[in-house]
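For reference, the structure is listed below as structure tokens.
Residue numbers (the UniProt record's numbering): 1 to 345.
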């Protein structure tokens, strides 16, 4: 997805990947030293009124989103050669226009999205599975005036901060793949998602172009993903940053040579999502490529507006077992060739 790197660029790319893997391995190996430091940092953090506030997680979303919008806008202004739009589109939807829209949309988001969640934060008690016992959580009424969060005494480990947010992203990505597919294919649900595609040219401001129903669905799905992996409150904060970055990066229209999609082969990136907004019938997964590859909806497998073509071939090319072959051979114990012969008979 994107430009084909030169041999020198390939060497630099693999060097960057090696450094990244080595850094992750070093952090894990040094966890016995880092984990106590994380505990000290967490003890200090949970005592801070601003972090212990029931509103912190909700307010983190618009603050991080707005910072990312301005950051991607600065990158687009500094390196216009990476912008996938033509020059006329860049002028029409450029830096000043983006900043103006970002301010307006941030203001609207506060009233349409943030304010209702702040009301919920005021009257409902947050629960962190795996870190706070249900007995402690139930010691006070679920509904009531909340002034603090019930934060655990135990701090996160290196593993909690590095891998649980990624695990939650993978779960979110897999479930949203089917939900996104339904938004495009089920007539009764198309209105829920159609607003997201009502744009002249895709830009990072399109990220928040959502109906209330879709926005609530995404929030609930992300929250359930975090509960499933039993994310520490600090891991949840890391997840929010990664999640919002991935959403903004996917809509920014920038094919960056140092983008995450270049470092991680299974990550989709902006070019793949631009293709989804152009063709509608491919690249349904928001962050990773494996779901579209397995089910034959990758833009490398399908023609515009045509679903499930060459899915098996694409899966084989990417090293996956074809989904239909897996269904018949492994799940039902019936070789696919025999099934096809029976259909002919």
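All C-beta atoms, glycine included, are put in the ideal place defined by N, C-alpha and C.
Since this is a predicted model, take the numbers as computed values, not measurements.
Going by DSSP, residue 198 is part of no alpha helix (DSSP H) at all; its letter is neither H nor E. Collapsing the DSSP output to three states places residue 287 in coil. Contact annotation, residue 65 with residue 212: C-beta distance approximately 17 Å; criterion of less than 8 Å not satisfied. When 248, 227, 206, 123 are compared, the shortest CA-CA separation from residue 167 is found for 227. Cα atoms of residue 76 and residue 162: separation of roughly 29 Å, rounded to the nearest angstrom.
It is roughly 10 Å from the alpha-carbon of residue 214 to the alpha-carbon of residue 195.
Taking a cut-off of 8 Å on C-beta distances, the region 20–40 does not touch the region 282–301, as fewer than three cross pairs fall below it. For residue 259 and residue 269, the gap between their C-alpha atoms comes out near 7 Å. Relative to the Cα of residue 122, the nearest Cα in the group 149, 133, 134 belongs to 149. With contacts defined by Cβ atoms closer than 7 Å, residue 24 and residue 262 do not form a contacting pair. Counting only the Cα atoms, residue 124 lies some 39 Å from residue 280.
Between residue 295 and residue 10, the alpha-carbon positions lie close to 29 Å from each other.
Counting the other Cβ atoms within 10 Å of the Cβ of residue 160 gives 16 or more, which makes it buried. Residue 157 is positioned such that its CB atom lies closer than 7 Å to that of residue 35. Contact between residue 165 and residue 231 holds: their C-beta atoms lie close to 7 Å from each other, under 8 Å. For the set 274, 292, 224, 170, the Cα lying nearest the Cα of residue 126 is the one of 224.
Residue 147 and residue 298 have their C-alpha atoms spaced approximately 47 Å apart. Under the three-state reduction of DSSP output, residue 124 falls in the strand class.
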